[in-house]
Each structure stands twice: as structure tokens, then as C-alpha cells.
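Q: Quick one: structure below, then a few questions.
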Amino acid sequence: MASLKRTADSTLAKKVNTMLVLDAVRKYSPLSRADVAKLTKLSPSTVSAIVSELVSAGLVTEAKGAPTGVAGRRPILLSLNAGASLAAIIDVQVTRILYGVIDLAGNPVSIMKEEADLSSPANTVDQILKAAARALSRLPRASAGAAAGIGVAVPGMVDTRTGVILRSTRLRWVNLALAQRLEREFGLPVLVERDVRAAAWGERCYGHARNVADFVYVTVGEGGFGAGLVMNGKPYVGARMHAGELGHMTVDMRGQRCSCGNIGCLAEVASSAIREWKAGGAGDALVEYTATGLVSLINLLDPELAVLGGDIGSLPEFAARVEAVARERALLAPGQMPRVVSSQLGDMGVALGLAGLVFDKFYWGEALAHDLPAVAERATVSYRS
Ligand SMILES: [Zn+2]
């Protein structure tokens, strides 16, 4: 029994170490074996053995870097084999659809944007099906079988586990089994996610939060406010997948009734400030409302980082103004204010997050030929450089 247990322990340790090495290569390519050892805190010999396996499996590639030092030695640099898998993504926005193909390293292979008429639910489903067909037609011929799956993001409440859109006021949908519909049509695995949660995961995979386990992503735009939460390295979605309704946090108990039925919600109270911003106003009120929402998130969750996204939140000067107000108000010891930054991924944030989710859910576990719950295990592993 004891030796069985030892074998089980060493198999598990190897899986975790392999995920650590892959995660470092995925996030920081190109890098040397020594860099991987430093990042993961694994021994150089363990890193070497794992890297050899990943190279023979075709997941990691080697290339000579620029000469260093007097002897002119060129270090061997490791990169993820970007073409090993591809994800088709569809980002359903309010008046348009962004769709295309993204490779394993997060490079857009082909991205298209189209104005879309999303005024009726049937029309919207139709346009999503067309966008998916067009995205899949852009897969490189040589890798026709390499699509890991399809990811779709929508504004509204989504049950990601089942791929059902529970409610989207903007798209006028209630209980729509979108993933099932697309799976039937294209014969590929499909995941459906709420737009703001996908954008948060994009920052975790490819943006500012690559090495951050606890952060909040706050979107501020014409559509109002939303939050994507990542806690302990995993998306925090809540018991019913409704977490992150920042726009419906009460900020005025005597305020106007909101469309959700509550009174004085941030989205309702700040709607005139958003209109004022759009009309070219100074934006002081909107900065203050955004900071009010952010301070509540900081006080409640104690994140290491806050990323602002959306068409207004992505502006660096807006993020800087919000940070200045939040710093005055958050309940923190001196010098402990979390960093507040604007999104690095801009308009591609949701698409990149979808790609990351598709690979996490449909690719990595199988690629490693283990029954590894890839997302959960890789996501819990966190290291600092
Ligand atoms: Zn509300």
C-alpha cells in the first residue's frame, strides 16, 4: 500500500510540475530552461526532463536566441507551439459581432468585425451561426482538425456549465440553450460565457493579470458597469453564476427605481454621468461613481490588482483618475492600495479570454493525456517571479 501511495504521489507531483512548466512557457515565451526553473522554483534537472517530454509531444518548440556573452553562445529559447491548437471565438456585442480564430499562444489568426442586427432573438441566433461558420472556414487548411472548440461571449446572465443563456435584457433572451444549438450544428465542443467574465480571463491568460491570482476586472462603458472576479486563480462565479453584478450595487437608498427592480443601483444613478461623458463633459461624476463601485470591491475582496475595461474604462487617463479617488477612500493600511490599470487587450479582451477558456476546457487536459481537471489544477498553481 505504501509504495502504491508513493507512486500516486509522484504521479500527481509530476502532473502539477508539468502544468507549472507549461504555464510558465505559455505566459512568458520565449524563455530559457533557466528562466523556467527560476519562475517555477523547480530544479534545473526536473525542468529539463519535463521540457524534453513537452518538446517530443509537440507542445513546446525550441529555437536559438541571440548570442550572449563574450563566447557568443546562443541560448536555446522555448516557446509554446502556437499552431498546436486553435479556438474559434464569437464575441456578441451590442450592435456588432467580432469573430475569428485564435491560436494556442493567443495570436489572432483571423479576426473579423461586422455590424449586426441583434434586435430580435431569432435574428441574433442566426447571425451567431453564420459568424461561427465563417470563423471555422478561416481555419488554416493544414490544421482543419485542430480546432479545440468554439467559444461564444454574450452580454447577460449565462450558466457557463450548461451553455444556457439565462437572461439577456439587451438580446431579449431567456433560457436559450445556445451551446447545444452550436454543438449540433458544427460537431465541436462549445462554451458560452458572459462577456465580462471572458474579458477578465483574457487578462489572466494574456494581459495584465498573467501572474496575479486575485484581481477584479471592472468594465465601464456605454452599456454601464460589470465586474469579472478572479479569486485564488479561478473565475469566481457564485452559486448560480450571477456574481459580478456591479452595476446593481445600491449606491443611493433613496434613489430612482432601476430596471432590475431595486432602488438607487450604480448603473441607474450613474446613467446621467455616462451620458455627460459621451457628450464630451469633464467626466468627474463618472470617475467618482466608478471609484465608488471599485472601493466597495476592494474593501470586500482585497484584490491585488484592478483592471478597468470597456470603451471608457480602457482609457489609461480614466483609470488613473479612478485610482486617485479610490486611493483616498479605500480602507487600507498606508501603501497597500492595489494597482489600478486600464486593460492591455482593449477590444480583443473578450475574444482572447474566450480562447483561453476554450483551451483550458477542451484542449490542455487531453493534450497532456491525463484525466487532469486542467482548469482547476493549473489555475490553483500560482508563482511569483
Ligand atoms: Zn439595478
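Numbered by our numbering, the letters in the sequence shown go through residues 447 to 831 in order. The beta carbon of each residue, even a glycine, is placed where N, CA and C say it ideally should be. No experiment lies behind these values; they were computed from the predicted model shown.
#1: Within the present structure, is the beta-carbon of Glu714 separated from the nearest heavy atom of ligand 1 by less than 7 Å?
#2: What is the DSSP secondary structure of Gly549, counted as helix, strand or coil?
#3: Relative to the alpha-carbon of Ser742, which residue among Glu722, Glu560, Arg721, Leu777 has its alpha-carbon at the smallest distance?
#4: Given this structure, state the Cα-to-Cα distance separating Asp481 from Val786, to the nearest angstrom.
#5: Taking the alpha-carbon positions, what's the Ala752 to Asp455 distance?
#6: Taking C-beta to C-beta, are Tyr663 and Ala689 nearer than 8 Å?
#7: Quick one: residues in its chain with C-beta nearer than 7 Å to the C-beta of Ala713, no 5 flanking neighbours on either side, listed in chain order?
#8: Indicate, with yes or no, if ligand 1 has a heavy atom lying under 7 Å from the CB of Cys651.
#9: With DSSP as the reference, identify every bridge partner of Phe671, one or two as the case may be.
#10: Have a look at the DSSP bridge pairing and note the partners of Leu526.
#11: What separation, rounded to the nearest whole angstrom, lies between the Cα atoms of Gln790 and Arg520?
#12: Beta carbon of Ala578, beta carbon of Phe632: below 8 Å?
#13: Looking at the unbroken alpha helix (DSSP H) that takes in Asp757, where does it start and where does it end?
#14: So does Asn708 have its beta carbon nearer than 7 Å to some heavy atom of ligand 1?
#15: Quick test of your reading: Pro784 and Ile720, contact by CB under 8 Å. State the CB separation rounded to the nearest angstrom.
#16: Using a Cβ-Cβ cut-off of 6 Å (strictly less than) and excluding sequence neighbours within five positions of Trp619, which residues of its own chain qualify?
#17: In the DSSP output, which residue or residues are listed as bridge partners for Val610?
#18: With DSSP as the reference, identify every bridge partner of Ala534, one or two as the case may be.
#19: So who's on the other strand from Arg785, going by DSSP bridges?
#20: State the DSSP-derived secondary structure class of Ser489, mapped to helix, strand or coil.
#21: Would you kindly work out how many angstroms separate the C-alpha atoms of Pro586 and Thr514, rounded to a whole number?
#22: Could you tell me how far apart the beta carbons of Leu524 and Val497 are, in whole angstroms, since I believe they sit closer than 8 Å?
#23: Find out if the Cβ-Cβ distance for the pair Thr696, Cys711 is shorter than 8 Å.
#24: With DSSP as the reference, label Cys711 as helix, strand or coil.
#25: I think Gly609 touches Ala625, with their Cβ atoms under 8 Å apart; what is that distance to the nearest whole Å?
#26: If you count every other CB in all the chains shown that lies within 10 Å of the CB of Ala772, and 16 or more means buried, which is it?
#27: Using a Cβ-Cβ cutoff of less than 8 Å, which residues in the same chain neighbour Ser788 once the five nearest sequence positions on both sides are dropped?
#28: Going straight from the alpha carbon of Ser489 to that of Leu477, what length do you get?
#29: Can you pull the DSSP bridge partners for Ile557?
#30: Roughly how many angstroms lie between the CA atoms of Ala673 and Ala592, to the nearest whole one?
#31: Glu823 by DSSP, collapsed to three states: which one?
#32: Just checking His694 against ligand 1 - is the residue's beta carbon closer than 7 Å to any of the ligand's heavy atoms?
A: According to the data block:
#1: Counted from its first residue, the sequence shown places residue 714 at position 268. Answer for Glu714: yes, Cβ within range of ligand 1.
#2: For this step, residue 549 is matched to residue 103 along the sequence shown. As written in the sequence, residue 549 is Asp, which differs from the Gly given in the question. In the three-state scheme derived from DSSP, where H, G and I count as helix and E and B as strand, Asp549 is classed as strand.
#3: Numbered from 1 along the sequence shown, position 296 holds the residue referred to as residue 742. Ranking Glu722, Glu560, Arg721, Leu777 by Cα distance to Ser742 puts Leu777 first.
#4: Looking up residue 481 in the sequence shown gives position 35. Looking up residue 786 in the sequence shown gives position 340. About 28 Å.
#5: For this step, residue 752 is matched to residue 306 along the sequence shown. For this step, residue 455 is matched to residue 9 along the sequence shown. Their backbone Cα atoms lie some 37 Å apart in a straight line.
#6: Counting from 1 along the sequence shown, the entry for residue 663 is found at position 217. Counting from 1 along the sequence shown, the entry for residue 689 is found at position 243. Not in contact: Tyr663 and Ala689 (Cβ atoms no closer than 8 Å).
#7: Residue 713 sits at position 267 when you count from the first residue of the sequence shown. Closer than 7 Å at the Cβ level, and outside the excluded window around Ala713, lie Gly670, Phe671, Gly693, His694, Cys704.
#8: As a working mapping, residue 651 is identified with position 205 in the sequence shown. The answer is no for Cys651.
#9: Position 225 of the sequence shown, counted from the start, is the residue given in the question as residue 671. DSSP lists Val666 as partners of Phe671.
#10: Here residue 526 corresponds to residue number 80 of the sequence shown, with the count starting at 1. DSSP output for Leu526 lists Val506 as bridge partner(s).
#11: For the purposes of this step, residue 790 is taken as residue 344 along the sequence shown, with counting starting at 1. For the purposes of this step, residue 520 is taken as residue 74 along the sequence shown, with counting starting at 1. Across the structure, Gln790 and Arg520 are spaced so that their CA atoms are roughly 31 Å apart.
#12: Position 132 of the sequence shown, counted from the first residue, corresponds to residue 578. Position 186 of the sequence shown, counted from the first residue, corresponds to residue 632. For Ala578 and Phe632, yes; Cβs fall inside 8 Å.
#13: Position 311 of the sequence shown, counted from the first residue, corresponds to residue 757. 756-759 is the span of the alpha helix (DSSP H), which, as asked, contains Asp757.
#14: Here residue 708 corresponds to residue number 262 of the sequence shown, with the count starting at 1. Checking the Cβ of Asn708 against ligand 1 gives yes.
#15: One-based indexing of the sequence shown puts residue 784 at position 338. One-based indexing of the sequence shown puts residue 720 at position 274. In this structure Pro784 does not touch Ile720 by the C-beta definition: roughly 24 Å separates them, more than the 8 Å allowed.
#16: Position 173 of the sequence shown, counted from the start, is the residue given in the question as residue 619. Pro567, Ile611.
#17: As a working mapping, residue 610 is identified with position 164 in the sequence shown. Among the bridge pairs identified by DSSP, Val610 is matched with Asp605, Ala623.
#18: Locating residue 534 in the sequence shown gives position 88, where the first residue counts as 1. Ala534 is bridged to Val547, Ile596.
#19: Looking up residue 785 in the sequence shown gives position 339. DSSP, once it has assigned bridges, lists Leu751 as partnering Arg785.
#20: One-based indexing of the sequence shown puts residue 489 at position 43. Ser489: coil per DSSP, three-state reduction.
#21: Here residue 586 is taken as the residue at index 140 of the sequence shown, counted from 1. Here residue 514 is taken as the residue at index 68 of the sequence shown, counted from 1. Per the coordinates, the alpha-carbon of Pro586 lies some 36 Å from the alpha-carbon of Thr514.
#22: Translated into the one-based positions of the sequence shown, residue 524 becomes position 78. Translated into the one-based positions of the sequence shown, residue 497 becomes position 51. 6 Å between Cβ atoms; contact.
#23: Indexing the sequence shown from 1 puts residue 696 at position 250. Indexing the sequence shown from 1 puts residue 711 at position 265. Taking 8 Å as the Cβ cut-off, Thr696 and Cys711 qualify as a contacting pair.
#24: In the sequence shown, residue 711 corresponds to position 265, counting from 1. Strand.
#25: For this step, residue 609 is matched to residue 163 along the sequence shown. For this step, residue 625 is matched to residue 179 along the sequence shown. At roughly 2 Å, the Cβ-Cβ gap stays under 8 Å, so Gly609 and Ala625 are in contact.
#26: Within the sequence shown, the letter at position 326 stands for residue 772. By the 16-neighbour rule on beta-carbons within 10 angstroms, Ala772 is buried.
#27: To locate residue 788, count along the sequence shown from 1; it is residue 342. Exclusion of the five residues before and after Ser788 leaves Val753, Leu754, Gly755, Gly759, Ser760, Leu761, Pro762, Phe764, Ala765 as the residues of its chain whose Cβ lies within less than 8 Å of its Cβ.
#28: Residue 489 sits at position 43 when you count from the first residue of the sequence shown. Residue 477 sits at position 31 when you count from the first residue of the sequence shown. Going by C-alpha positions, Ser489 is about 16 Å away from Leu477.
#29: Taking the first residue of the sequence shown as 1, we reach residue 557 at position 111. Residue pairing for Ile557: DSSP places it in a beta bridge opposite Gly546.
#30: Position 227 of the sequence shown, counting from 1, holds the residue named residue 673. Position 146 of the sequence shown, counting from 1, holds the residue named residue 592. Spanning the two alpha carbons is a distance of roughly 33 Å.
#31: Your numbering for residue 823 matches position 377 in the sequence shown. Here Glu823 scores only 38 on pLDDT, less than 50, and its place in the model is too uncertain to base an answer on.
#32: Within the sequence shown, numbered from 1, the residue matching residue 694 stands at position 248. Under cutoff, so the answer is yes.
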